[in-house]
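These protein sequence lines map, in sequence, to chains A and B.
First residue of the first sequence? That's 25 in this note's numbering, and the numbers climb one at a time after it.
First residue of the second sequence? That's 25 in this note's numbering, and the numbers climb one at a time after it.
In what follows, a structure is listed as structure tokens, so that the remarks can point back to it.
Protein chains: 2
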Amino acid sequence: MHGIAATSLTAAMQRIAADIDHQFDLLLPLPEDPRRPLYEAMRHAAIGGGKRLRPLLVCAAADLFLVDRQAALRVGTAIECIHVYSLIHDDLPAMDDDDLRRGKPTVHKAFGEATAILAGDSLHALAFELLADERTHADPFVRAELCLELARASGPSGMAGGQMMDLAAEQALFDLPTVTRLQQLKTGALISVSLEAGAILGRVPPEGRTGLRAYARNLGLAFQIADDLIDAEGTAEAAGKAVGKDAAAGKATFIGHLGREQARAQAEMLVEQAIAHLNSFGEKADLLRALARYTIARDR
Amino acid sequence: MHGIAATSLTAAMQRIAADIDHQFDLLLPLPEDPRRPLYEAMRHAAIGGGKRLRPLLVCAAADLFLVDRQAALRVGTAIECIHVYSLIHDDLPAMDDDDLRRGKPTVHKAFGEATAILAGDSLHALAFELLADERTHADPFVRAELCLELARASGPSGMAGGQMMDLAAEQALFDLPTVTRLQQLKTGALISVSLEAGAILGRVPPEGRTGLRAYARNLGLAFQIADDLIDAEGTAEAAGKAVGKDAAAGKATFIGHLGREQARAQAEMLVEQAIAHLNSFGEKADLLRALARYTIARDR
């Protein structure tokens with residue numbers, strides 16, 4: 025069954041949220057041994073929260089190429105494993121020191137720091153276990169390519185590198201190109217690999233992925249500018265996490281460089297550009313179009 | 025060029041140490057951007073230290089099947105990435121809180137906790153980037169199988185699960201079977217996957233790996249008992265890290281259950297059993313035999 029029936033974005037978001045929760049529930053049964061708190065911590069972080077934007081991007085891109093939904097879901101779950109592990113580690117006292125995530129206590133608040141570090145590491149490994157498993161895809165070339173792209177997107181030249189730049193941003197006031205580069209690594213790389221994974225599952229050769237890659241790049245930046253606006257204008261209740269932290273830490277952001285109005289205009293332009301790159305897909309890409317518009321219209 | 029010429033264990037250990045340092049040096053050039061401290065921290069942890077036991081096991085097993093040494097080296101480097109990341113995270117204040125590792129300051133002492141967490145995460149991702157890269161092996165089936173086995177060995181049902189049990193060991197006094205299980209996960213899984221990887225590179229089907237797997241299981245336990253003896257009897261200078269920590273933490277160990285003399289006898293028996301499982305390989309396995317004997321004759 026493909027996701028084409030889910031015409032409305034709201035329905036697609038509800039469906040992916042239920043599907044990803046179900047995947048994690050199956051993947052993380054509680055063991056009857058001393059590893060139990062580790063699995064409890066992984067379930068606490070992975071189940072019952074988040075917009076599941078990345079899995080939805082995988083499924084929406086996979087739908088363009090009529091990929092089996094179960095394969096797309098498993099790949100989406102793998103990418104969500106990386107996203108969740110990064111949140112767990114990012115929330116640690118030595119990093120952002122957050123108490124609240126998705127409206128719940130952060131993992132180290134609920135289970136202690138040591139268990140939180142290990143829960144993040146475990147989800148990190150689980151991502152690659154999922155991608156490399158023949159139950160995800162029968163073709164080993166697809167499995168190996170998924171592993172390679174996710175490793176690149178999450179490692180020191182992707183997400184982890186962006187987080188390092190984010191740490192450095194507290195000491196140095198970055199210019200706009202450097203802020204852009206930071207965000208492309210920190211959040212953009214994982215958003216891009218989500219769309220790329222849909223194309224890999226659809227056996228689209230690299231030269232056929234240009235449109236999706238351009239969509240992903242614009243979407244990632246629009247998403248981050250919107251996140252900056254939430255951080256600057258929102259409340260902790262609406263965001264499900266602490267807000268106002270970038271300003272307090274003195275970090276350069278898109279808003280700091282552009283001001284709120286111009287930042288908002290920039291995000292809207294990026295969304296229009298993202299959508300323009302989907303033209304060749306016709307109506308099949310309506311979910312990706314709706315998703316792009318949604319990124320800048322989220323709750324503040 | 026294969027490693028058969030390196031007949032003596034000492035020569036093989038010196039060669040692998042130089043080769044792995046060289047691999048990491050090539051893989052981790054310092055970037056001219058704010059990610060530089062991340063790469064410095066990765067290099068600090070990964071280059072110039074350690075016995076490189078796991079890469080040596082990969083190469084020694086791969087030599088049994090005449091595997092190209094460069095492929096074995098890259099896979100050994102990937103497994104060493106996992107080992108080094110686990111040491112970085114294990115040394116953190118929230119975990120073992122160690123100041124000294126391989127005779128140098130631990131990563132968080134030298135670079136701060138946040139950078140240490142990210143350096144561990146980055147080496148974790150780098151491991152899979154290496155395994156999934158076609159420059160490591162041309163056959164995608166081999167690459168996917170390597171990714172799958174390493175993810176399993178390092179995740180919650182492998183190394184990370186063992187580390188969770190180790191945390192729990194401070195609260196509950198584990199019986200001998202539970203201590204054995206803990207060590208099989210915490211250190212045994214990564215030792216086992218090192219030998220398995222040599223067989224995978226040699227395209228040995230799973231049913232042909234029985235002897236190597238039995239060797240690995242015995243070797244892993246012997247290695248851990250020897251490590252317990254070093255922790256109980258050694259000096260920080262010889263070990264290159266703090267010693268006497270298990271007893272201070274009140275953890276159950278092999279020595280706690282068996283006493284030093286019986287633990288030593290047990291380790292010697294495990295080494296003999298490990299060696300017996302290599303019979304079918306003849307002289308080709310002499311390096312693996314020497315390695316097994318070495319594990320219990322290391323500096324105290």
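Glycine residues also receive a C-beta, built at the ideal position from the N, C-alpha and C atoms.
C-beta neighbour in chain A for residue i, strict 9 Å
i	result
M119(B)	yes
M66(B)	yes
H107(B)	no
H281(B)	no
R59(B)	yes
D49(B)	no
P180(B)	yes
G232(B)	no
F278(B)	no
L111(B)	no
A151(B)	yes
L116(B)	yes
A29(B)	With a pLDDT of 35 at A29(B), under the threshold of 50, the modelled position of that residue is not reliable, and no figure is offered here.
H26(B)	Confidence is the limiting factor: at H26(B) the pLDDT is only 38, short of 50, which leaves the residue's position unreliable, though a coordinate-based value still follows. H26(B) does not count as touching chain A.
L206(B)	yes
H132(B)	yes
L225(B)	no
L302(B)	no
L62(B)	yes
Rounded C-alpha distance that separates residue i from residue j
i	j	result
L97(B)	C83(B)	7 Å
E194(B)	F247(A)	44 Å
A65(B)	R78(B)	21 Å
V131(B)	H301(A)	44 Å
G258(B)	G127(B)	14 Å
M25(A)	A138(A)	Summary for M25(A): the model assigns pLDDT 36, below 50, so the residue's position carries little reliability; its value from the coordinates is reported in the next sentence. When rounded, the distance between both Cα atoms is 41 Å.
L315(B)	L33(B)	7 Å
L50(A)	M37(B)	43 Å
P117(A)	F278(B)	34 Å
A240(B)	R125(B)	25 Å
G280(A)	D199(A)	10 Å
A291(B)	G264(B)	22 Å
L312(B)	G182(A)	38 Å
S218(A)	E231(A)	17 Å
F305(B)	L88(B)	7 Å
D57(B)	R67(A)	36 Å
D163(B)	V99(B)	14 Å
Closer than 9 Å to chain B by CB, residue i
i	result
I141(A)	yes
D145(A)	yes
A221(A)	no
H148(A)	yes
E137(A)	yes
E56(A)	no
D157(A)	yes
Assigned exposure category for residue i - 16 Cβ within 10 Å defines buried
i	result
P180(B)	buried
N242(A)	buried
R205(A)	buried
A289(A)	exposed
Q94(B)	exposed
G274(B)	exposed
K269(A)	exposed
P201(B)	exposed
R90(B)	The sequence given here has Leu at residue 90(B), not Arg. Per the 10 Å Cβ criterion, exposed.
Q286(A)	exposed
A29(B)	Its pLDDT being 35, under 50, A29(B) is placed unreliably in this model, and the value from its coordinates should be taken loosely. Flag for A29(B) reads exposed.
E104(A)	buried
P229(B)	exposed
T101(B)	buried
D115(A)	buried
P53(A)	exposed
A35(B)	exposed
Chain-ordered residues of the segment 184-204 of chain B with a beta carbon less than 8 Å from chain A:
A184, G185, Q187, M188, M189, L191, A192, A193, A196, F198 and T202
Please confirm if the segment 205-217 of chain A is in contact with the segment 83-95 of chain B, defined as three or more CB-CB distances below 8 Å between the two stretches.
no
By the 8 Å beta-carbon criterion, what residues does the segment 310-323 of chain A contribute toward chain B?
So the list is empty, because no residue satisfies the distance condition.
Give me the subset of the segment 68-93 of chain A whose CB atoms are less than 7 Å from a CB atom of chain B, sorted by chain position.
Within the segment 68-93 of chain A, not one residue has a Cβ closer than 7 Å to any Cβ of chain B.
Which residues, in chain order, does the segment 238-272 of chain A contribute to contact with chain B at a C-beta distance below 9 Å?
For the segment 238-272 of chain A, the set of residues with a beta-carbon nearer than 9 Å to any beta-carbon of chain B is empty.
Do the segment 52-64 of chain A and the segment 41-58 of chain B meet, that is, are 3 or more Cβ pairs less than 8 Å apart?
no
Please confirm if the segment 223-231 of chain B is in contact with the segment 175-192 of chain B, defined as three or more CB-CB distances below 8 Å between the two stretches.
no
Would you list, in chain order, the members of the segment 164-176 of chain A that have their beta-carbon closer than 7 Å to a beta-carbon of chain B?
P164, F165, R167, A168, C171, L172, A175 and R176
Taking one C-beta from the segment 164-171 of chain B and one from the segment 184-191 of chain B each time, how about it: are there three or more such pairs within less than 8 Å?
no
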